[in-house]
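To start, the structure under review is shown below, and the notes come after it.
Protein chains: 4
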Amino acid sequence: MTTSSADLATLLVSCPDRKGLVASLAQTLYGHGANILDADQHTDPVAQMFFQRIRFDLSSLTTDRVALEAGVREVAGRFGMTWRLCWGHQRKRVAIFVSRHDHCLYDLLLRHRAGELDCELALVLSNHDDARAIAGQFGVPFHHLPIVPGDKAAQEDRAQALLDDAGVDTIVLARYMQVLSPAFVARWPSRIINIHHSFLPAFIGADPYRRAYQRGVKLVGATAHYITDELDEGPIIEQAVVRCSHRDTVEDLVRKGRDLEKVVLAAAVRWHLEDRVLAYAGKTVVFE
Amino acid sequence: MTTSSADLATLLVSCPDRKGLVASLAQTLYGHGANILDADQHTDPVAQMFFQRIRFDLSSLTTDRVALEAGVREVAGRFGMTWRLCWGHQRKRVAIFVSRHDHCLYDLLLRHRAGELDCELALVLSNHDDARAIAGQFGVPFHHLPIVPGDKAAQEDRAQALLDDAGVDTIVLARYMQVLSPAFVARWPSRIINIHHSFLPAFIGADPYRRAYQRGVKLVGATAHYITDELDEGPIIEQAVVRCSHRDTVEDLVRKGRDLEKVVLAAAVRWHLEDRVLAYAGKTVVFE
Amino acid sequence: MTTSSADLATLLVSCPDRKGLVASLAQTLYGHGANILDADQHTDPVAQMFFQRIRFDLSSLTTDRVALEAGVREVAGRFGMTWRLCWGHQRKRVAIFVSRHDHCLYDLLLRHRAGELDCELALVLSNHDDARAIAGQFGVPFHHLPIVPGDKAAQEDRAQALLDDAGVDTIVLARYMQVLSPAFVARWPSRIINIHHSFLPAFIGADPYRRAYQRGVKLVGATAHYITDELDEGPIIEQAVVRCSHRDTVEDLVRKGRDLEKVVLAAAVRWHLEDRVLAYAGKTVVFE
Amino acid sequence: MTTSSADLATLLVSCPDRKGLVASLAQTLYGHGANILDADQHTDPVAQMFFQRIRFDLSSLTTDRVALEAGVREVAGRFGMTWRLCWGHQRKRVAIFVSRHDHCLYDLLLRHRAGELDCELALVLSNHDDARAIAGQFGVPFHHLPIVPGDKAAQEDRAQALLDDAGVDTIVLARYMQVLSPAFVARWPSRIINIHHSFLPAFIGADPYRRAYQRGVKLVGATAHYITDELDEGPIIEQAVVRCSHRDTVEDLVRKGRDLEKVVLAAAVRWHLEDRVLAYAGKTVVFE
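Chains as they are written, first to last, in the numbering used here: chain H, 3 to 290; chain S, 3 to 290; chain V, 3 to 290; chain P, 3 to 290.
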């Protein structure tokens, strides 16, 4: 509460499970004077993997950041850890990709303004020009990158250049209706978040809400996930559903889906920004 | 509240949508002195179909049941209605099919005893002998019909004979792990209710909870549906989900699934027994 | 789907339960050539009251609206019905009252723009000037009516005049932090919708989220209701809750509450605009 | 997964927040060869309190349990910790108290038999004789302790004697309709779990489902909590709600409440048995 976020740091680690992991990390941080505020850990008993998120206060450091990072590197090397150390004074820089549906875009902009999303909104990028005024209202730079049939690669190159210039860390696909190329995706591992509708049973292909209506589903859902090469199959970050009935028209299902998409995407983005999500083996650990 | 259920009747109709349907049925019932207690209706704007459930009180009839039924038949003929008239003094007779997992069986027996399910429990049938004692505790006849490999038809014939003898109206598959033959299913249209697990995304085949665990789903679900020839694809009556996380082991997912299966199956059975479910075009209208 | 909303009408009735109600109304509408699209009804067995919502198509009327309304009036008189006939070509005119928290205001404006709320937004009224720009972005007239201590009546009189001038039917209190006087409330029976937080157990008085935090509640909720003289005790239209845990700070609870308030208020407003809500005896019938 | 529960231990600690807590405990366990499987911690920023649950594997201990416990005691003394060390080979012994409603009793017995509740069911105790046969079916000793008006203390003394004889650790009030005396409650701090209905808004006193019906609530809920001197006001362990509507009769609300009570109570009992619940300052930390 009273600690300035600039004095906070978050350490995320994953590695094969071994004895002494928790003690070694805790001892290292303590040795540098860092005060652990929160430590959440998980062991996947099937994959025999260990995961931990430690949030700590730097204001009482007896050494400095460089020394602390060196200490963590030493422990990580010893245990074969994959690790990431995020300093609280460095807010993530986010790009929002959008097509024509603007409900998720609006929702993210409003939540950012309300202080729910701890990041810089670096830019809004779209293959259409529709969202320009919305981005403008919130003072976020807007880029219209139309897609020329047969030359999608060119558009992605221009997008990549914009992202590089703006120092973007994370891409949020807020109903961006274009499939990103494997080459593009490979440059952003576990850093592109997407939202899509979900049904029980699942529907593949076009016009899913109409098919859900025809099938008489009693639930519609939404799933937020990281983008990988497998379309709509990346590691799931968050899911939710809402009840429906025979009284719901296709339009009602679409409306209910829209409400879910906003909430589910916002939760996934917030957890990602707070370094609460670890992806591994096609799934995630979310330290809520 | 004060009307004895023996004095109640329920009329279910479906037909192509036309003007005057509601007035004609209401007028007919009124003309015989029946007092409409509840009338729920639905028009599917895509299929252009009309559905109605009318529950009415017979205690004030100015004619009799035979005359009333003739009146309904006349209107139904005029509008091309499919219809079903259920008299409150005739409780449905239910058979529960079960294999080894007994959580749904127990749940149904307890709910029946608590007065939640308005039916006669005619028999419990299983391809294993495990549930004999449970059925016995609740005073329900138990039949063990093992399946001889290569002669499933014989077992189904014996089952059909038992169902005929016991005057069964409805079959509930309370985790019955056998696929019923198309011939058997054809004899019980919209009268066999099944429960199965559901996931987002969907998994097909064996060991679904383990695969859901591997996929890192954040929700597990259950679906109750009528059995048709398409396995696990009949008209959906009810669905529900529950949250899960990376902390849930496969065993936790199974336990959560079990809890859902009980609640979802019980709701579907209750609505079916109260003549609240109309199946058409691969889906259902549920007049909750 | 294919019927223009200008050709639709909705009839809402409530009265002591009696035989022949359904038939009389259906027959009357049919007699004028109206085609019933939807009829939902409910009998409260404790209060012995009957409620019905009938939506019908006027395009096939064999008489006219004046004759139809006279016919309904005749039946209503016979059965002692309270009734309301809403013509589809007359969209309700809505005023939104707001104070400083603008999340519900923004949500309603966006839903209206997306076509989810079938009404005219006549004006936004606030005791602060903060929301002026937001209303302006959506082209809705904004009125700043500050409250002078000791002269709230004057502010309410000015509000009433603005509402009269704008032909307002319904007031939505979208986090309006002022208590309306009994005199003002009396002029708007079942026409002022409010949203407030809800907890289990309930907390009365100031700073409810902090008290919920101290009490360690595992759920936070929101309730939308009509305003009556009893503060936060009017007929409930909709409620929802969301899970929370010891990990949620007071700020997290506030954020979760905000999300709920938006969804719950929007649902209540939508149902009210579609004439789906009947208030009686301190509660509501909602024909979803 | 592969560790026998006899080789597991759980340490629960709470104390004023201080730097070095996590490192000291982890180092102590590591120093004795204990392998930390799970460590969950929480800092209440308002109360400035620290909480931790550590589950560890004893099979690799390089010293023994006595030495390990002495080591923990030393650290605890240094930091002013309240602590509890639970050895996996000692299953908790549970008494279920019940009156006439047996749905929660049945649910707990079935879950215990299904392996969901890791405890010994020591006895069922009731102020009525109704549940004797049910307890018998599951092989659990049953004690009928009727209450003589004006001499409740005598009944509680007999109950306490039975609990002492049976070595009971935890009491579950599975719809036990008697108020326990402060003297009795004082002997079982954070060891008596109760379940009760919850509504928004809250209702106090008799016949709550009827009052909820009259008030037209759209949700009914259930709350499981530890018993303290304040009736129905002890630290909340778990809560849940279910939707209802004007169509639900009082009986429907009771039925829905029953379903919730079973699930909510079972979750609270399970977490308590797995040493996941820490009560402090009138609320709980639940390390799910």
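By construction, the Cβ of each residue, glycine as well, lies at the ideal position given by its N, Cα and C atoms.
Item                                                                                                                                                                                              : Value
Would you say V/LYS285 lies against chain P (beta-carbon separation less than 9 Å)?                                                                                                               : yes
What's the C-alpha gap between V/MET3 and S/PRO47?                                                                                                                                                : Any reading at V/MET3 must be qualified, since the residue scores a pLDDT of 41, below 50, and its modelled position is unreliable; the value itself is stated next. If you take the alpha carbons of V/MET3 and S/PRO47, they lie about 6 Å apart.
Please look up how many angstroms separate the CB atoms of V/VAL126 and V/ALA137, rounded, as I've assumed it's under 8 Å.                                                                        : 4 Å
Rounding to the nearest angstrom, what Cα-Cα distance links S/MET51 and S/PRO18 in this structure?                                                                                                : 4 Å
Considering only residues of the region 97-181 of chain V, which uninterrupted alpha helix (DSSP H) runs meet the minimum length of 4 residues and lie entirely inside it, listed in chain order? : 105-115, 134-139 and 154-167
Determine the direct distance from the alpha carbon of V/PHE81 to that of S/ASP254, and round the result to whole angstroms.                                                                      : 57 Å
Counting contacts by CB-CB distance shorter than 9 Å, is V/TYR32 in contact with chain S?                                                                                                         : yes
With respect to the alpha helix (DSSP H) encompassing S/HIS274, which residues constitute its N-terminal and C-terminal limits?                                                                   : 252-275
Please work out which residues of its chain come closer than 7 Å, Cβ to Cβ, to V/ASP109, disregarding the five sequence neighbours upstream and downstream, and give them in chain order.         : LYS264 and ALA268
Tell me, please, which residues DSSP counts as bridged to S/LYS285.                                                                                                                               : S/TYR282
Between the region 184-202 of chain H and the region 112-131 of chain H, are three or more C-beta pairs nearer than 8 Å?                                                                          : no
Below 9 Å between beta carbons: does that hold for H/LEU53 and H/SER26?                                                                                                                           : Leu is not the amino acid found at residue 53 of chain H; the sequence shown has Phe there. It is not a contact, given that the beta carbons lie outside the stated cut-off.
For H/SER192, which of helix, strand or coil comes out of DSSP?                                                                                                                                   : coil
State buried or exposed for V/PRO148, treating a residue as buried only when at least 16 other CB atoms are found within 10 Å of its CB.                                                          : exposed
Using Cβ-Cβ distances below 8 Å, what residues of the region 122-136 of chain H are close to chain V?                                                                                             : none
Is there contact here, the region 238-255 of chain H with the region 207-223 of chain H, by at least three beta-carbon pairs under 8 Å?                                                           : yes
Please classify H/PRO184 as buried or exposed, where buried requires at least 16 neighbouring CB atoms within 10 angstroms.                                                                       : exposed
I need the DSSP call for H/GLY236, collapsed to helix, strand or coil.                                                                                                                            : coil
May I ask you to report which of helix, strand or coil DSSP gives P/ALA25?                                                                                                                        : helix
Please compile the residues from chain V whose C-beta is within a distance smaller than 8 Å of the C-beta of P/LEU221.                                                                            : GLY223, GLN241, ALA242 and VAL243
In the region 8-28 of chain V, which residues sit with their C-beta less than 9 Å from some C-beta in chain S, listed in chain order?                                                             : ASP19, ARG20, LYS21, GLY22, LEU23, VAL24, ALA25, SER26, LEU27 and ALA28
Around the Cβ of V/GLU232, are there at least 16 other Cβ atoms within 10 angstroms (buried) or fewer (exposed)?                                                                                  : exposed
Let me check one thing: in DSSP terms, what residues is P/PHE53 bridge-paired to?                                                                                                                 : P/SER16 and P/HIS44
With a threshold of 7 Å on Cβ separation, who are the neighbours of H/VAL243 within its own chain once the five nearest residues in sequence on each side are excluded?                           : LEU221, VAL222 and GLY223
Taking CB distances under 9 Å as the criterion, tell me whether S/THR64 reaches chain H.                                                                                                          : no
Which residues in chain S sit within 7 Å of V/ILE38, going by Cβ to Cβ distance?                                                                                                                  : VAL24
Please state the DSSP three-state secondary structure of H/ARG11.                                                                                                                                 : A small correction: the amino acid at residue 11 of chain H is Ala; Arg does not occupy that position in the sequence shown. Reduced to three states, the DSSP call for H/ALA11 is strand.
Nearest to S/LEU202 by CA position, among S/HIS227, S/ALA155 and S/CYS246, is which residue?                                                                                                      : S/CYS246
Under 9 Å between the Cβ atoms of S/GLY117 and S/SER7?                                                                                                                                            : no
Are the Cβ atoms of P/ILE229 and P/LEU175 separated by less than 9 Å?                                                                                                                             : yes
Say whether chain H places a C-beta atom closer than 9 Å to the C-beta of P/ALA41.                                                                                                                : yes
Show which residues of chain P have a CB atom less than 7 Å away from the CB atom of S/GLN139.                                                                                                    : GLN139
Check the C-beta distance from S/LEU31 over to S/ARG86 and give it rounded, since I have them as a contact under 8 Å.                                                                             : In fact, because the Cβ distance is near 15 Å, the residues do not count as touching under 8 Å.
Helix, strand or coil for S/LEU31 per DSSP?                                                                                                                                                       : helix
Between S/GLU2 and chain H, is any beta-carbon pair separated by less than 9 Å?                                                                                                                   : Because residue 2 of chain S is not part of the residues shown, which for chain S are 3 to 290, the question remains open.
So, does the CB of H/GLU290 fall closer than 9 Å to a CB anywhere in chain S?                                                                                                                     : yes
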